[in-house]
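Enquirer: My questions will all concern the structure given below.
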Amino acid sequence: MIGILAGKSALVTGGASGIGRAAALAMAREGARVAVSDLTEDGAATTVALINAAGGKAIAIGANVSIEADVAAMVGRSVAAFGRLDCAFNNAGVSTRNVGAAGQRTHEMSQDSFDAMLAVNLTGVFLCMKYEIVQMLDQGGGSIVNTASVAGLVGLPMASSYVAAKHGVVGITKTAAMEYAKDKIRVNCVNPGYIKTPMTAAAMALRFDELMTKVPMSRLGTPDEIAEAVVWMLSDRASFMTGASQVIDGGYYAA
Ligand SMILES: NC(=O)c1ccc[n+]([C@@H]2O[C@H](COP(=O)([O-])OP(=O)(O)OC[C@H]3O[C@@H](n4cnc5c(N)ncnc54)[C@H](O)[C@@H]3O)[C@@H](O)[C@H]2O)c1
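Spelled out as structure tokens, the structure:
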């Protein structure tokens, strides 16, 4: 069976875990060659091993998306390995917990923690797009999906910096979609609700029942349920979709 990404070359950031790993596996299953990137090459290598074991083709790249030189090298290695870059999933991200701001209201957050959040969750997406788009312009097109969140569309108490970064991702997605539409580069974002990954494990252990009252389906989503949509959005089947925020959240945003 021919997959919907057959013949495509893809890049995933945050590919060692959660949504990024599920997306990398789904892309490979749909026929793409996949550059799997994460903070360390070792982390990405586990995902690559899973892809290779299933008969796919992948390479592992270590890169910190908040460091421009890392991102430039990451895109360069990906193109060197596979010849072009058709599909990019800019997904690496951190939570308030990772930057020492869990449970803090806006006035309680330090500037350092706010900056650390934006460095990964917003500047990281900007840097990835910057280098991916240069390659896509050069080759005559491509498709980008950025990971935002429902927190890119609504407020979320105790998560000011995360919400600011994810609203920023929605904004840069819309703007780039307009800027590059005539260059045949589509740019969209996916807006997951609560998904079962290491990022949400601690919060769910503490507040699962309370958080689920806000979700009409009353459950967490799985990384695979995000990956399915991302693969489709990256594929040529989504040829008229650009600048969109695709919510996948068990009804959270609709409620
Ligand atoms: N899990 C959820 O409920 C949920 C909901 C909405 C949006 N998201 C977003 O989905 C994306 C993936 O999150 P996840 O839930 O799979 O979390 P996760 O913690 O399982 O995976 C995140 C990955 O990003 C990597 N990463 C972190 N900082 C990095 C950096 N500076 N450079 C490169 N890689 C880095 C981590 O090493 C990790 O492998 C994030 O952008 C997150 O904000 C998650």
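If you read the sequence shown in the numbering used here, its first letter stands for residue 1, the second for the next number, and so on. All residues carry an ideal CB built from backbone N, CA and C; glycine is no exception. Note that this is a predicted model, so its numbers are computed, not measured.
Identify the continuous alpha helix (DSSP H) that holds Pro223 and give its terminal residues.
Expert: Residues 223-234.
Enquirer: How should Ser110 be labelled, buried or exposed, when 16 other C-beta atoms within 10 angstroms of its C-beta is the threshold for buried?
Expert: Ser110 is exposed by the Cβ-count criterion.
Enquirer: Could you tell me which residues DSSP pairs with Cys87 in its beta bridges?
Expert: In DSSP, Cys87 forms a bridge with Ala10, Ser143.
Enquirer: How about Ala44 and Ser37: do their beta carbons lie closer than 9 Å?
Expert: Contact: yes.
Enquirer: When the Cβ atoms of the segment 45-58 are set against those of the segment 179-199, are three or more pairs found closer than 8 Å?
Expert: Output reads no: the segment 179-199 does not touch the segment 45-58.
Enquirer: Nearer than 8 Å: is that true of the beta carbon of Asn188 relative to any heavy atom of ligand 1?
Expert: Outside the cutoff, so no.
Enquirer: From Met136 to Met117, what distance separates their C-alpha atoms?
Expert: Distance between the alpha carbons of Met136 and Met117: 28 Å.
Enquirer: Extract the residue ranges of the alpha helix (DSSP H) inside the segment 57-103, only unbroken runs of 4 or more that lie entirely within it.
Expert: Listed in chain order, the complete alpha helix (DSSP H) runs (minimum 4 residues) inside the segment 57-103 are 68-82.
Enquirer: Evaluate Phe89 with the Cβ neighbour count: other Cβ atoms within 10 Å of its Cβ, from every protein chain shown; 16 or more gives buried, anything less gives exposed.
Expert: Per the 10 Å Cβ criterion, buried.
Enquirer: Going residue by residue through the segment 157-215, where are the continuous beta strand (DSSP E) segments of at least 3 residues, counting only ones entirely within it?
Expert: Correct list: 185-192.
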